[in-house]
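J.: Dropping the structure in here first, questions after.
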Amino acid sequence: MKKARIIYSIIFLASLYFVYFYGGTVPWAIFFLVIGLPVVSFIYLVISYFSFKYYESCTDKTYIKGENFHYRCIFANSIILPFIYVRIHIQTPETVVSGKPDIKNESIVTGRSKTLEYDIKCRYRGRYNVGILKVEFRDFLNLFELRLKKSNFISVVIYPRIKISEEFVREGMTMSDFRVALFNKSKGDEALSNLREYAYGDSSRLIHWKLSARMQKLIVTDKESTFDSRVILALDLHRNDMPIRNRIVYEDMLVEEIVATAHYFLSNNIPVDLVYYKKGLNVWHGISMGDFDELYNLLAEITFNAEEGLDAALYSILGDENKNNTFFIYCTRLSQELYSCMTQIHHSEKRVFVRYCTLDTDDDEVYNYKRLLMKQGITIEQLKEGNDGGENEETE
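628 is the number that the working numbering gives the last residue of the sequence shown; the numbers go up by one with no jumps.
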């Protein structure tokens, strides 16, 4: 456009010079033609701008990561004159992550329409605005430009995948063993609530030996503690200055790991708390699978842009007198503050599991913190791209 304006300025000055020094019919005709063409071109541009019609549609509004969805945009020329040149900027989840919208150069003749169709793969979790971002209109002399910016978009939510695991807890610990570990650490009274026949996977510590001998078959007891035993999932939402395309994969890994953990414990009726720090302490409570959908919706749209680190949230709940809580900590970095907080939690006789994925795999500081945590007996696991689980690292 800048080049076209320079050329037009030269032509305008040349026609003005021709009229001033020579006069006559031809010079004046050329001069009025040079002046009139931009006026006609601009009027045509304005008419085209207000006559642009389009329609957008999407197959659905909610998807699960890994699925595909279809986007269609139909735009038409409703004026008599041939359509001018337009540039359509299309936004999809992929272009949001890359930061570069897809640009289509189009021109439509009178009475015709064109269709743009996209089969979009849901690669990243989150809420995205899909569709036309803006439309640029230019006149046929390439001197003027008008932009149509949209205020309404098709909002699409992409949910994280749910990885179902029969035995989520590492170190060969079954759900029955984990439940016993929770209850055995409680200082509250335990009440016998149910008797049933032994099933594969039950811990031997739940067997009622006297009753089993009397009935000639193994009988196990389900115990309910009057003390509130919970699994606490602590998520670090601290802002990272890296481009979104470099960090979103790791953020999704943490979220999907939390979803799998919450699904596992809630399906076994073990209470779960999600804790994070974002403009203050946030705590979500769940006690059964009836609460899972609420957590799933929350994690689908949660963003990693908090100013404070996870240590601010953990220190806020360290005063809980219940030593029976188990902590699962999810983070993209191992910092001095977070290390100190996890050490304090461990020393307060609470069980701690750490799931982390680091953006800098060669960071010596991360390696040192990892070694120190392992020496304390804290189970730490690094999540890596492309692995459904993670690389489990044994405690020392």
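Ideal Cβ placement from N, Cα and C applies to all residues, glycine included.
(1) Beta-carbon within less than 8 Å of serine 636's beta-carbon, same chain only, minus the 5 sequence neighbours each way: which residues are those?
(2) I need the DSSP call for leucine 248, collapsed to helix, strand or coil.
(3) Closer than 7 Å by C-beta to glycine 404: which residues in its own chain qualify, once you throw out the five before and the five after it? Chain order, please.
(4) Taking just the CA atoms, how far does serine 330 sit from phenylalanine 264?
(5) Report the CB separation of leucine 570 from tyrosine 508 in whole angstroms; it is logged as a contact under 8 Å.
(6) Based on Cα-Cα distance, which residue from Val266, Lys297, Ile267 lies nearest to glutamate 533?
(7) So the beta strand (DSSP E) histidine 579 belongs to, where does it begin and stop?
(8) Over what stretch of residues does the alpha helix (DSSP H) that includes leucine 465 continue unbroken?
(9) Closest to cysteine 573 by C-alpha separation, out of Phe585, Leu546, Val584, would be which residue?
(10) Who are the Cβ neighbours of tyrosine 286 in its own chain at under 7 Å, not counting the five residues just before and after it?
(11) Out of curiosity, what's the CA-to-CA distance linking isoleucine 519 and leucine 467?
(12) Any idea if threonine 347 is buried or exposed, counting beta-carbon neighbours within 10 angstroms, 16 or more meaning buried?
(13) Go through its chain and collect everything with a Cβ distance to aspartate 620's Cβ below 7 Å, but skip five positions before and after it.
(14) Can you tell me which of Ile320, Pro503, Val328 puts its alpha carbon nearest to the alpha carbon of lysine 381?
(15) Would you list, in sequence order, the uninterrupted beta strand (DSSP E) runs of no fewer than 3 residues that lie entirely inside the stretch 498-552?
(16) If proline 333 sits next to aspartate 484, beta carbons under 8 Å apart, how far is it from one beta carbon to the other, in whole angstroms?
(17) Taking glutamate 326 as part of the alpha helix (DSSP H), name the residues at either end of that continuous run.
(18) Report all residues from its chain with a CB closer than 7 Å to the CB of aspartate 523; omit the five preceding and five following residues, and keep chain order.
(19) Check the DSSP bridge columns for alanine 308 and list the partner residues they point to.
(20) Please classify valine 515: is it buried, with 16 or more other beta-carbons within 10 angstroms of its beta-carbon, or exposed?
(21) Under three-state DSSP, which class holds asparagine 361?
(22) If you draw a straight line from the C-alpha of arginine 583 to the C-alpha of glutamine 608, how long is it?
(23) Indicate the three-state DSSP secondary structure (helix, strand or coil) for leucine 378 in the structure shown.
(24) Any idea if glutamate 489 is buried or exposed, counting beta-carbon neighbours within 10 angstroms, 16 or more meaning buried?
(25) Under a three-way DSSP split, which group does arginine 587 fall into?
(26) Leaving out five residues before and five after isoleucine 480 in sequence, what residues of the same chain have Cβ atoms less than 7 Å from its Cβ?
(27) Would you mind stating whether arginine 370 and tyrosine 317 have Cβ atoms separated by less than 8 Å?
(28) State buried or exposed for histidine 495, treating a residue as buried only when at least 16 other CB atoms are found within 10 Å of its CB.
(29) Can you give me the C-alpha to C-alpha distance between isoleucine 561 and arginine 462, rounded to a whole angstrom?
(30) Rounded to a whole number of angstroms, what is the C-alpha to C-alpha distance between phenylalanine 415 and glutamine 614?
(31) Quick one: residues in its chain with C-beta nearer than 7 Å to the C-beta of valine 452, no 5 flanking neighbours on either side, listed in chain order?
(32) Under a three-way DSSP split, which group does tyrosine 430 fall into?
(33) Using 7 Å as the cut-off, classify the Cβ of glutamate 377 as near or not near the heavy atoms of the ligand FMN, replying yes or no.
(34) How should tyrosine 599 be labelled, buried or exposed, when 16 other C-beta atoms within 10 angstroms of its C-beta is the threshold for buried?
T.: The answer reads as follows:
(1) Nothing in the structure corresponds to residue 636, since the chain is present only between 233 and 628.
(2) Leucine 248 falls in the helix class under three-state DSSP.
(3) Below a pLDDT of 50, predicted positions are generally treated as unreliable, and glycine 404, at 43, falls in that range; the measurement from the model is reported next regardless. No residues qualify anywhere along the chain.
(4) Phenylalanine 264 and serine 330 have their C-alpha atoms some 48 Å from each other.
(5) About 13 Å separates the two Cβ atoms, so there is no contact after all.
(6) If we check each option's Cα against that of glutamate 533, Lys297 comes out closest.
(7) Segment 568-579 is the alpha helix (DSSP H) holding histidine 579; no beta strand (DSSP E) there.
(8) DSSP places leucine 465 outside any alpha helix (DSSP H); the residue lies instead in the beta strand (DSSP E), whose first and last residues are 463-467.
(9) Across the set Phe585, Leu546, Val584, the C-alpha of Leu546 shows the shortest separation from the C-alpha of cysteine 573.
(10) Hits under 7 Å: Cys305, Ile306, Phe307, Ile364.
(11) Between isoleucine 519 and leucine 467, the C-alpha separation is close to 19 Å.
(12) Classification of threonine 347: exposed, given that the 10 Å Cβ count is below 16.
(13) Per-residue confidence for aspartate 620 stands at a pLDDT of 47, beneath the threshold of 50, marking its modelled position as unreliable; the derived number appears in the next sentence. Closer than 7 Å at Cβ, skipping near neighbours: Lys395.
(14) If we check each option's Cα against that of lysine 381, Ile320 comes out closest.
(15) Counting only runs of 3 or more, we get 504-509, 513-518.
(16) A Cβ-Cβ distance of about 22 Å is found for the pair proline 333 and aspartate 484, leaving them out of contact under the 8 Å criterion.
(17) Note, glutamate 326: alpha helix (DSSP H), 325-330.
(18) Excluding positions up to five away in sequence, the list reads Leu498.
(19) Note: alanine 308 sits in a beta bridge opposite Lys285, Ser345.
(20) Burial call: exposed.
(21) Looking at asparagine 361 - three-state DSSP - the assignment turns out to be strand.
(22) The alpha-carbon atoms of arginine 583 and glutamine 608 are separated by roughly 11 Å.
(23) In this structure, leucine 378 counts as strand in the three-state DSSP scheme.
(24) Glutamate 489 sits buried, since 16 or more C-beta atoms from the chains shown fall within 10 Å of its C-beta.
(25) In the structure shown, arginine 587 sits in a strand (DSSP, three-state: E or B).
(26) Here the set comprises Val329, Tyr356.
(27) A contact, by the Cβ cut-off of 8 Å.
(28) Classification for histidine 495: buried.
(29) Straight-line spacing of the CA atoms in isoleucine 561 and arginine 462 works out to 14 Å.
(30) Confidence in phenylalanine 415 is poor, its pLDDT being 47 and thus under 50, which makes the residue's placement too unreliable to answer from.
(31) Excluding residues up to 5 positions away in sequence, Arg428, Tyr430, Asp434, Leu438, Ile439, His440 lie with their Cβ nearer than 7 Å to the Cβ of valine 452 in the same chain.
(32) In the structure shown, tyrosine 430 falls within a coil segment according to DSSP collapsed to helix, strand and coil.
(33) This structure lacks the ligand FMN, and indeed carries no ligand of any kind.
(34) Exposed, because fewer than 16 other Cβ atoms sit within 10 Å of the Cβ of tyrosine 599.
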